[in-house]
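According to the numbering used here, the residues represented by the sequence shown are 249 to 379, in order.
Note that the Cβ used here is the ideal one computed from N, Cα and C, for glycine as well.
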Amino acid sequence: MGTKVEQLEFDFMKYQSEATLPDSGERSEFETGAVRDAMSGKGMPSLIPIQALRLVSKRFEDGATKYGRDNWKKGIPLSRYVDSLYRHLWQFIEDDTAEDHAGAIVWNAMCLIQTKEWIEKGKLPETLNDL
């Protein structure tokens with residue numbers, strides 16, 4: 249094929265032709281008359297506190313600067329996330345302001361959950377599940 253742009257356009261067109269809209273069979277109808285597939289069971293990101301997202305986003309940035317982008321994705325034992333989460337939680341409760349403990353709590357929880365899922369799916373070694 250031609251250029252990288254042409255390849256991307258081709259891939260996008262192929263994706264569009266193969267894509268279908270998922271359908272739960274349930275509908276939400278709005279006062280305007282518009283209709284969408286129901287959202288039950290899909291999560292509600294609009295309810296996530298924005299400040300928590302800002303804090304964890306900054307924590308990911310700081311980690312990327314210190315250890316390299318996506319370093320955590322290489323695999324860290326689950327116990328390290330749990331231990332760090334608890335330490336930051338205790339420091340948060342004690343009003344320690346030496347660093348952003350709230351962001352660290354959320355970061356550790358998110359990485360713990362994702363790492364556990366990757367271990368279960370075989371994307372990371374089972375030995376990382378040391379809980």
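- Beta-bridge partners assigned by DSSP to V283: E277.
- Its chain contains L303, V304, K306, R307 as the residues whose beta carbon lies nearer than 7 Å to that of G351, once the 5 sequence neighbours on both sides are disregarded; these appear in chain order.
- As the crow flies, the alpha-carbon of T375 is around 15 Å from that of K321.
- E257 carries a helical assignment under DSSP once its states are collapsed to helix, strand and coil.
- In the structure shown, T345 falls within a coil segment according to DSSP collapsed to helix, strand and coil.
- With a cutoff of 8 Å on beta-carbon distance, Y315 and T363 are scored as not near each other.
- In the three-state reduction of the DSSP assignment, T251 falls in the coil class, being assigned neither a helical nor a strand state.
- Taking N319 as reference, the option from G311, P325, L326 with the minimal CA-CA separation is G311.
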